[in-house]
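Working notes for the structure below.
Pasting the structure below:
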């Protein structure tokens, strides 16, 4: 058969593609062949939305095109045949922004910018098809798009402004008897409206082209046929023994291309081209939905064509689906065959008609139950039989639908359990079919279905116990699966809800996020809520990240990772891998150049001390996911396939997998840190205390969750010179590590960083790994080599936020005053030191957090285990310390019978005091933030309302809590220095070079504002192009919330130096450009480089003291469903001291993003490991970052009105990103409050320890103890 030519259109340009491999994804083609790098790769699993594009398809029956958003990473390229593909580049650019792009840019909805194109295209796909979409529609359209930086509030607000119903400027606040309207961070009324006439039209060439032809493709491992006639399918089954039938191709692509399932000469038959498979027929009585139509098509068909009693419950049920972009392409039939999805539960319970076409041409019509095994949930079809359509009735007045779904996160998520009941009712229940998705399959629950018969629907409450026993019998077969008790409780909760609310009354209108951002406007024009300097590049996809850089002659390396926690490597067999066409070489420790080292961190060049992390496994593996070697090939697909063929033979060794094991074995990385008084002193004080409490707090690790995975490109040059393009927050460390591994001077290695797609500490030390790997491979082959980790590789290889266990003994007075404390802080450091010694130091030194404990001792231990080496993460060590202190104070509050907030307030260590570490507390506004937050949030009134609600509500409880933060900045030592280079070009434009890295924290934006203010010129004349060690080397790593202080001071110094010559000229010639020309002719310098530091001696700042403290307080109100463990954050009110904010929009965005990251840390982000030490949550479909649906309904931030400062601050501003992170402890405390209310109701009044994160399963277990 002749290989077909794919024809489609991209952004208005017709495309023809020859010799397409069926396994190629749309994203790979758009990026690699068309250079459309605005289509970002992150999860490659359809779980993050970074790759979202809009797909247009001509509907000949309707005579118009239809549009929908899809995930290009899991969309097979062959499915694009005869379709229009619109990417971020096609709808607008920085010279002409699309209205959606402009809204996101101007509304401060970008930070690192990596997710921005996906959000724009998800909203665009909806609005292109439904211009009158509501806020509710937009909320669900983007729920499958992840953002780790912003906290979602500004994104949602920007996109909601596209709707006619949006009222984004309506927030008000009463203060001191006067009403303050929100001085908005942006003005939505100035945005251009979306004009459909300006969009790219569906191309006439695709309308006129005959699409009624077979599609045949041949790849390296697969042959694909997409026929337009049934005869071709029959012929295919006659010719081949094994044929795989595809509908959307999504699951197959994941299995074959992403999971790298091995196969050869596979035959795929896609049915999407068959007209009957894509048909939707509506008669007076029925609606028929073709099997090639999507889950969204099924839901919409029922919503639009069936009675409300059928259509509305189905629509609301599918609103709980993880992602609209996935729903838009995944077919309902694929979900039915998969057997564990939302669709399979609906179809098995409803039991609609189903049309089967058998091999040879016979069509059979039956019920779903005729073809699905009730117990196993598997579809039973003869060879060659294909499901063609399902047929639902449009009206069944005697039918009631009850539909229930629960995921790991609140609202839309992948399924933990489904419960669908289809009940036929006259006066009594005549028949019931209940299907549940439980574990890995969907089955029919026969016993409870039978038990329901003969009962009155509205009288089921009296039969609740009988129904619960019946459902217990139905699910007893699953008792061996993981989390059985949790899932069983969710199913029982569904039965309770069926009895309480069988009609599932429909909710009211959508309530959008209620934001309020209050800040003081200072006199300087530049010190305002300016948008991010790079925002237009972000929203148009023009921003280039390392993986977007087009490098000539580049090879691609894939990683070979350890599959043991601890083992000796006996042999590595690369024979099969090297036999693949296109594979160039296998690289490992033996390829490190002579003079290079496998342990660059031990050379003491890192200011944080030695790091014994090996670049390659050295004779033995120390953790799952440790790098053993690399397979280098001409393209990334071949490299990854070959890497799976490398066979490593091990001899297993004993492994330390838990903190308890490490403590017992005294497996430490370094000697413990000790702060405070001696052990004898604190123990004597404990003996004298009126009350002594004792306990343990535990918190798990947290994945950084940056959307751009780790990677580097190494380019060899002349005379052992190297250029490294990478994604890092420490060019200096990257340069030193790469040079040490290669055995060359650091001057030979130039590290370049354009944009970084999120970091949060994860791209400090660990980003240097990919640079070293790529450099060794490039040295071995004398060719440029790119290493880019996939999401699950990144999660296996890299470390996380350190899990922590704190054992405490605390002495208090009967009034609740803290008298003494003895803490032992344990952190799981993993197999290598990395930054564990620093994090352990900080967690221990800062363990007193905001409180005064007169006699205190704290010991900090960095434990050595056989897991990935944990590393720096936002607010290094502080979340663990503040979480432990919250647990301690909660215990104190319970012991003395006082509210937690009273214990907090009476024990605050006031400004001017001294911390456990011996550091003074200068320039501190904690008490002002506390008082302001109490008033701002109306805490006392709301707390009374919460208690009144809890007194009458049995299964739903409210919680309320306050949290406080204090962080000393800038960090004393080598980190408080920076270099900058400022150059004024002949046309008056200004270029700035700094060693700090913009990674979403607004560093570049603030530095540009500082330059604008110092030079007295508009921001539009100033630009920071990139960061490079050939311009500024030796700068400390970006992060720690001190970048603007350090680098802003250096930029300010450069500009002031330039103004020495320019100031006099500007008095005579006020035109900036003319003045620059005049200065050039006078041979005055137009370039300045400065190194700055905080002159502590000059300003009287102690050597080891912080310059100032950033403080803040949050009030959190939450709601917990005690039957399911679900929770919602109802309101967040934050008051933060940012000094005189350089940019309120940036600072408020950092506060909101930090709070949402912390929200995940304390609730939904749970990493599980098996008993061999292997991580099971290795991708974003399993590891749950907070989604946009989790954004608090009321999310308000107020910057404290405070103007005093010190010489260590740049223009009296304070940094806020890291300090705000620990405010999320208030979310944990608020949920604890709700859980405690439930436990008190059932007589459990003793104090109880709660581990974090508080996942739904943990909340459920705490609310319903055995």
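Residue numbers (the numbering used here): 0 to 1265.
All C-beta atoms in this analysis are idealised placements derived from N, C-alpha and C, irrespective of residue type, glycine included.
Please read all numbers here as calculations on a predicted model, not as lab measurements.
Sort the options by Cα distance to residue i and report the nearest one.
i: residue 133; options: 163, 729 and 628; result: 163
i: residue 64; options: 111, 938 and 124; result: 124
i: residue 40; options: 116, 949 and 108; result: 116
i: residue 691; options: 1001, 126, 9 and 895; result: 895
i: residue 1270; options: 1118, 1233 and 1257; result: This structure gives no information on residue 1270, because the portion of the chain shown stretches from 0 to 1265.
i: residue 433; options: 376, 410, 387 and 461; result: 376
i: residue 881; options: 632, 849 and 8; result: 849
i: residue 357; options: 383, 135 and 1031; result: 383
i: residue 967; options: 79, 911 and 998; result: 911
i: residue 149; options: 110, 157 and 161; result: 110
i: residue 147; options: 30, 701, 126 and 291; result: 701
i: residue 980; options: 993, 973, 67 and 724; result: 993
Mind checking which residues open and close the alpha helix (DSSP H) that includes residue i?
i: residue 1250; result: Run containing residue 1250: none; DSSP gives neither H nor E here.
i: residue 733; result: 730 to 741
i: residue 1067; result: 1042 to 1067
i: residue 486; result: 483 to 499
i: residue 1079; result: 1071 to 1080
i: residue 203; result: 203 to 207
i: residue 1338; result: Since the first residue shown for the chain is 0 and the last is 1265, residue 1338 is missing from the structure and cannot be characterised.
i: residue 931; result: 925 to 936
i: residue 139; result: 134 to 140
Residue i lies in the beta strand (DSSP E); which residues open and close that run?
i: residue 821; result: 817 to 827
i: residue 1114; result: 1107 to 1120
i: residue 406; result: 398 to 406
i: residue 649; result: 646 to 651
i: residue 1019; result: Where residue 1019 is concerned, there is no enclosing beta strand (DSSP E), given that its DSSP letter is neither H nor E.
i: residue 627; result: 626 to 632
i: residue 471; result: From DSSP, residue 471 is part of no beta strand (DSSP E) but of the alpha helix (DSSP H) over 463 to 474.
What number of angstroms, rounded off, separates the C-alpha of residue i from the C-alpha of residue j?
i: residue 1075; j: residue 1059; result: 13 Å
i: residue 1260; j: residue 1159; result: 19 Å
i: residue 671; j: residue 860; result: 5 Å
i: residue 1246; j: residue 1239; result: 10 Å
i: residue 1228; j: residue 852; result: 21 Å
i: residue 114; j: residue 49; result: 5 Å
i: residue 721; j: residue 551; result: 15 Å
i: residue 926; j: residue 1113; result: 13 Å
i: residue 145; j: residue 70; result: 13 Å
i: residue 366; j: residue 275; result: 19 Å
i: residue 1252; j: residue 1162; result: 5 Å
i: residue 176; j: residue 465; result: Residue placement at residue 176 is poorly supported in this model, since its pLDDT is 45, which falls under 50; the coordinates still yield a value, given next. Looking at the two C-alpha atoms, the distance is approximately 58 Å.
i: residue 321; j: residue 411; result: 5 Å
i: residue 181; j: residue 516; result: With a pLDDT of 48 at residue 181, under the threshold of 50, the modelled position of that residue is not reliable, and no figure is offered here.
Answer with yes or no whether the minimum CB distance from residue i to chain B is below 8 Å.
i: residue 662; result: The structure shown contains no chain B, having only a single protein chain.
Determine, using beta-carbon pairs with one atom in the region 194 to 203 and one in the region 328 to 341, whether at least three such pairs fall under 8 Å. no
Taking 8 Å as the threshold, find out whether the region 1082 to 1098 comes into contact with the region 902 to 916 through three or more Cβ pairs. no
Counting Cβ pairs, one atom from each stretch, are 3 or more of them under 8 Å apart for the region 573 to 592 and the region 794 to 808? no
Count Cβ pairs between the region 1132 to 1140 and the region 986 to 1004 that sit closer than 8 Å; are there 3 or more? no
Please specify which runs of the alpha helix (DSSP H), each continuous and at least 4 residues long, are wholly inside the region 535 to 594, giving them in chain order. 574 to 577
Ordered list of alpha helix (DSSP H) runs contained in the region 275 to 305, each at least 4 residues: 294 to 304
Just to confirm the assignment: which complete beta strand (DSSP E) runs, minimum length 3, are found wholly within the region 1121 to 1199? 1126 to 1135 and 1193 to 1198
Taking contact to mean at least 3 C-beta pairs separated by less than 8 Å, is the region 709 to 716 in contact with the region 781 to 788? yes
Touch check for the region 1207 to 1220 and the region 1110 to 1129: three-plus C-beta pairs under 8 Å? yes
Identify every run of the alpha helix (DSSP H) within the region 325 to 362, keeping only runs that are complete inside it and at least 4 residues long; order them along the chain. 331 to 337 and 341 to 349
Scan the region 397 to 461 and note each continuous beta strand (DSSP E) run of 3 residues or more that stays entirely inside, going in chain order. 398 to 406, 414 to 424, 428 to 437 and 440 to 443
Quick one: which unbroken alpha helix (DSSP H) runs of 4-plus residues sit fully inside the region 98 to 122? Chain order, please. 98 to 105
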